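Counted from 1, the sequence shown has number 776 at position 33 by the working numbering; the numbering is strictly sequential.
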Amino acid sequence: IQCDFNMPERFDLTYTDADGEERRPVVIHRAILGSIERFMGILIEHYAGAFPTWLAPEQVRIVPVADRFVEHAESVAEHLRNAGLRVHVDGRREGVGYKIRDAEVQKVPYMIVIGEKEVGTSKVSVRSHAEGELGETDLDHFVTRMRDEAEPPAPSR
């Protein structure tokens, strides 16, 4: 429910009160969409665009360092999606530095960089938006960490 002081003024709405005075009304209405837009604006401002992992629309960006690693990147992405995570593989034909910078600018919580070292192993090189370079870790260990971070907090009472 919203109290709207702008519309009555914009449409020059008035009413006569019990004392015969002209007054400007207050319009009371409900607006589901406007409320959601304002709430999202507040969230974006509060988190400065860097949503916590559980709220981020994209939780992990996988960055293959060259075209020949895209297939392995897709395989890792499928593993993460099966664990319930929101993942995107950046398969664009851009330099790895550009892709990493793009993910940083978009404030994606985690990046996995896939190169020669990661192919054929169960290891991934992880980078966090909040913590920077996290180094190499086992994919299943990363999935466990992500499941914990991707779990929304319990509502407070």
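Think of the CB as a built atom: it goes at the ideal place given N, C-alpha and C, for glycine as much as any other residue.
None of these values were measured; they are calculated from a predicted model.
Just tell me which of Tyr758, Met750, Val819 has its CA closest to the CA of Asp827. Residue 827 sits at position 84 when you count from the first residue of the sequence shown. According to the sequence shown, residue 827 is Gly rather than Asp. Per the Cα distances, Val819.
May I ask you to report which of helix, strand or coil DSSP gives His772? For the purposes of this step, residue 772 is taken as the residue at position 29 of the sequence shown. Looking at His772 - three-state DSSP - the assignment turns out to be strand.
Collapsed DSSP secondary structure at Lys860 in the structure displayed: The residue given as residue 860 occupies position 117 in the sequence shown. Of the three classes helix, strand and coil, the one that applies to Lys860 here is coil, per DSSP.
DSSP on Arg836, reduced to helix/strand/coil? Taking the sequence shown and counting its residues from 1, the one referred to as residue 836 is at position 93. Here Arg836 sits in coil by DSSP.
What distance in whole Å lies between the Cβ atoms of Val856 and Arg836, which are believed to be in contact at a cut-off of 8 Å? If you number the sequence shown from 1, residue 836 lands on position 93. If you number the sequence shown from 1, residue 856 lands on position 113. In fact, because the Cβ distance is near 16 Å, the residues do not count as touching under 8 Å.
With a cut-off of 8 Å on the beta carbons, I'd call Leu877 and Lys866 a contact; round off their distance for me. Position 134 of the sequence shown, counted from the start, is the residue given in the question as residue 877. Position 123 of the sequence shown, counted from the start, is the residue given in the question as residue 866. With a Cβ gap of about 12 Å, Leu877 and Lys866 do not count as contacting.
Three Cβ pairs or more, each shorter than 8 Å: is that satisfied between the region 796-811 and the region 830-849? yes
Measure the C-alpha to C-alpha separation of Trp797 and Glu894 and round it to an integer number of angstroms. As a working note, residue 797 is residue 54 in the sequence shown. As a working note, residue 894 is residue 151 in the sequence shown. Cα-Cα distance, rounded: 6 Å.
With DSSP collapsed to three states, give me the class of His759. Translated into positions along the sequence shown, residue 759 becomes position 16. It is Thr, not His, that sits at residue 759 in the sequence shown. In this structure, Thr759 counts as strand in the three-state DSSP scheme.
May I have a chain-ordered list of the beta strand (DSSP E) segments no shorter than 3 residues that lie completely inside the region 790-840? 803-807, 830-832
Considering only the alpha carbon of each residue, which of Pro751, Glu801, Thr864, Ile771 lies closest to His815? As a first step, residue 815 must be located in the sequence shown, where it is residue number 72. Minimum Cα-Cα distance from His815 among the listed residues Pro751, Glu801, Thr864, Ile771 corresponds to Thr864.
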